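Student:
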Amino acid sequence: MSQGISLAEVGSPRVAYTRESSEPLLTPYRMGDLDLPNRVIMAPLTRMRANPDDHAPTILQADYYAQRASAGLIIAEATAISPEGFGWAGTPGLWSEEQVRGWRSVTDAVHAAGGRIIAQLWHTGAISHPELRDGLQPVSASDVNPIQISVTPTGRKPTVKPRPLTKDEIQATVADFGRAARNAIVAGFDGVQILANYLYLISQFLNAVTNLRKDEYGGSFENRSRFLFEVVERVLTEVGATRVGVKISPMHEGGAFAANDETLPITEYAIRKLNAYNLSHLLLMGNTTDFSSTPLEKLSGDGMFRHFRSIYKGTLIANVNMQRERGNRLIAEGLADLIAFGRPYIANPDLVQRFAAGAPLAEVDWETVYASGAHGYSDYSTYQPSQPND
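First residue of the sequence shown? That's 39 in this note's numbering, and the numbers climb one at a time after it.
#1: If we count the other Cβ atoms within 10 Å of its Cβ and call it buried at 16 or more, is TYR418 buried or exposed?
#2: Go ahead and label TRP404 buried or exposed: buried means 16 or more other beta carbons lie within 10 angstroms of its beta carbon, across all protein chains shown.
#3: So what does DSSP say about GLU58, is it helix, strand or coil?
#4: Rounding to the nearest angstrom, what Cα-Cα distance links GLN158 and LEU203 in this structure?
#5: Near ALA385, which residues of its chain fall below 8 Å by C-beta distance, leaving aside the five closest residues on each side in sequence?
#6: Which of helix, strand or coil does DSSP assign to LEU170?
#7: Where does GLY110 sit, in a helix, a strand or coil, going by DSSP?
#8: Tell me, please, which residues DSSP counts as bridged to ARG194.
#9: What span of residues does the alpha helix (DSSP H) with HIS149 cover, start to end?
#10: Find out if the Cβ-Cβ distance for the pair TRP160, TYR238 is shorter than 8 Å.
#11: Between ASP428 and the rest of its own chain, which residues show a CB-CB distance below 7 Å, the 5 nearest in sequence each way excluded?
#12: If we count Cβ pairs, one from each stretch, closer than 8 Å, do we get three or more for the stretch 311 to 328 versus the stretch 339 to 358?
#13: For PRO176, which option in ASP253, LEU373, PRO121 and ALA94 has the closest C-alpha, if you only look at C-alpha atoms?
#14: Report the rounded CA-to-CA distance for THR56 versus ARG251, giving the unit in angstroms.
#15: Could you check what DSSP says for SER419 in three-state terms: helix, strand or coil?
#16: Of all the beta strand (DSSP E) runs that stay within the bounds of the stretch 320 to 357, which reach a length of 3 or more residues?
#17: On the three-state DSSP scale, how would you describe GLN158?
#18: Is the CB of LEU373 under 8 Å away from at least one CB in chain D?
#19: Looking at C-beta atoms only, is the number of pairs between the stretch 163 to 181 and the stretch 240 to 250 that lie closer than 8 Å three or more?
#20: Could you give the C-beta distance for VAL273 and VAL282, rounded to a whole number, given that I count them as a contact under 8 Å?
#21: Is GLY293 helix, strand or coil by DSSP?
#22: Under the three-state reduction of DSSP, which class applies to GLY163: helix, strand or coil?
#23: Under the three-state reduction of DSSP, which class applies to GLU401: helix, strand or coil?
#24: For TYR194, count neighbouring Cβ atoms within 10 angstroms of its own Cβ and tell me buried if that reaches 16, exposed if not.
#25: Between ARG217 and ASN235, what straight-line distance do the alpha-carbon atoms span, to the nearest angstrom?
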């Protein structure tokens with residue numbers, strides 16, 4: 039434990055820094071029209087604490103996020119835009135009045151603690167499961183099983199073959215993204231982020247293996263990215279560009295999402311085109327798996343951020359396997375503007391204060407990450423500056 043720091047129970051995130059710091063992570067930044075007091079971003083973290091009946095956030099989640107309000111910005115957990123897009127047990131939505139009210143309690147708590155929070159808009163597509171959709175088949179770009187895992191109320195199960203969306207259903211889904219964005223603002227969020235990477239619906243359209251369509255949504259890069267840009271443009275009719283961001287990255291996973299020769303080029307195409315929208319940010323994930331001997335090998339480590347820094351002209355948030363030293367270096371080298379921390383925020387609600395004080399980080403209790411209740415969620419302790427003796 040660093041000198042001058044003592045262990046305390048969970049308290050307000052408004053803890054004064056123990057010393058002035060010029061390290062990049064602790065300097066302010068203007069993202070779109072949001073003034074961030076530091077460059078430490080809380081990455082979106084699925085924690086499965088929403089009400090299982092109506093998928094609304096609870097007071098427990100309001101406490102959890104408020105404890106982390108000293109982050110420059112909180113990106114809330116992935117949130118389903120519709121019942122059709124719902125696909126992970128215990129996660130929240132943004133399509134109903136109950137969910138909007140639940141999120142309002144979260145955003146009010148974060149704002150009362152001095153923080154800023156944006157919603158992440160999510161459609162799981164083929165990663166969902168009939169058990170999560172009242173027996174209905176999941177939907178996707180095409181009828182290709184992504185060969186992944188669905189998280190259902192009764193456990194993890196293999197994905198199933200999805201049903202291709204009709205063109206009318208694609209337009210309805212685009213409209214659902216717009217409605218969810220509008221609901222997010224009504225719920226008090228400071229903006230939204232469109233989830234366009236990893237295994238989910240937008241990625242299923244971008245991926246040549248999961249998108250076998252012969253219409254205007256399949257084939258060429260332009261066609262396979264059409265759904266993404268229709269979503270972006272619809273969201274922008276509800277929320278100003280200075281409050282809208284996108285999360286997108288090339289990736290290498292198993293099954294249908296193993297990297298192929300088109301994985302990087304179509305991501306480059308999409309990110310270049312995103313420049314024209316003058317969005318508030320782009321969140322770029324580093325490699326979450328081993329890129330060795332794949333078409334993404336050059337993007338390992340800092341390679342992801344080095345490659346896309348020259349392509350994307352706006353605010354770039356770097357994510358995955360971030361530590362304080364690496365985050366400071368990426369900012370100092372100009373490879374990122376902001377750094378998103380995921381796992382460190384699970385056990386360290388006061389991560390910014392710990393960085394400022396040079397305090398050690400608490401360890402995650404992994405058995406409670408995907409669970410229920412406050413234990414391992416909102417009951418992690420914080421470090422507070424020691425008070426001098428009178």
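A virtual CB, placed ideally from N, CA and C, is assigned to each residue, including glycine. Computed from a prediction, not measured in an experiment: that's the story for all the values here.
Tutor: Quick answer:
#1: Within the sequence shown, residue 418 is the residue found at index 380, counting from 1. Result: buried.
#2: Start at 1 with the first residue of the sequence shown, and residue 404 comes out as number 366. Exposed.
#3: Numbered from its first residue, the sequence shown carries residue 58 at position 20. Bear in mind that a pLDDT of 45 at GLU58, under 50, signals an unreliable position, so the number given afterwards is only what the model happens to contain. Here GLU58 sits in coil by DSSP.
#4: Within the sequence shown, the letter at position 120 stands for residue 158. Within the sequence shown, the letter at position 165 stands for residue 203. Spanning the two alpha carbons is a distance of roughly 22 Å.
#5: What you label residue 385 is simply residue 347 of the sequence shown in a count that begins at 1. Answer for ALA385: LEU399, ALA400, GLU401, VAL402, ASP403 and TYR418, listed in chain order.
#6: Against the sequence shown, residue 170 aligns to sequence position 132. LEU170 falls in the helix class under three-state DSSP.
#7: Along the sequence shown, one-based indexing puts residue 110 at 72. Coil.
#8: The sequence position of residue 194 within the sequence shown is 156, counting from 1. Per DSSP, VAL189.
#9: Locating residue 149 in the sequence shown gives position 111, where the first residue counts as 1. Looking at the DSSP string, the run of the alpha helix (DSSP H) that includes HIS149 is 135 to 150.
#10: The count along the sequence shown starts at 1 and reaches residue 160 at position 122. The count along the sequence shown starts at 1 and reaches residue 238 at position 200. Yes. Within cutoff.
#11: Along the sequence shown, read from residue 1 onward, the residue named residue 428 stands at position 390. With a pLDDT of 42 at ASP428, under the threshold of 50, the predicted position of this residue should be treated as unreliable, and no value is reported.
#12: yes
#13: Sequence index remark: in the sequence shown, residue 176 carries index 138 (1-based). The option with the nearest alpha carbon to PRO176 is PRO121.
#14: Numbered from 1 along the sequence shown, position 18 holds the residue referred to as residue 56. Numbered from 1 along the sequence shown, position 213 holds the residue referred to as residue 251. For THR56, the pLDDT reaches just 37, beneath the cut-off of 50, and the residue's location in the model is therefore unreliable, although a value from the coordinates is still provided. Computed Cα separation, rounded: 57 Å.
#15: By 1-based counting over the sequence shown, the position of residue 419 is 381. In the structure shown, SER419 sits in coil (DSSP, three-state: anything other than H, G, I, E or B).
#16: 354 to 357
#17: Sequence index remark: in the sequence shown, residue 158 carries index 120 (1-based). Note: GLN158 maps to strand in three-state DSSP.
#18: Judged by its chain identifiers, the structure shown contains no chain D, having just a single protein chain.
#19: yes
#20: For the purposes of this step, residue 273 is identified with residue 235 of the sequence shown, where counting begins at 1. For the purposes of this step, residue 282 is identified with residue 244 of the sequence shown, where counting begins at 1. Contact holds; Cβ gap of about 6 Å.
#21: What you label residue 293 is simply residue 255 of the sequence shown in a count that begins at 1. Here GLY293 sits in helix by DSSP.
#22: By 1-based counting over the sequence shown, the position of residue 163 is 125. Three-state DSSP puts GLY163 in a helix.
#23: To locate residue 401, count along the sequence shown from 1; it is residue 363. Three-state DSSP puts GLU401 in coil, outside helix and strand.
#24: Taking the sequence shown and counting its residues from 1, the one referred to as residue 194 is at position 156. According to the sequence displayed, residue 194 carries Arg and not Tyr. Looking at its Cβ environment, which holds fewer than 16 other Cβ atoms inside 10 Å, ARG194 is exposed.
#25: In the sequence shown, the residue the question calls residue 217 occupies position 179. In the sequence shown, the residue the question calls residue 235 occupies position 197. Their backbone Cα atoms lie some 20 Å apart in a straight line.
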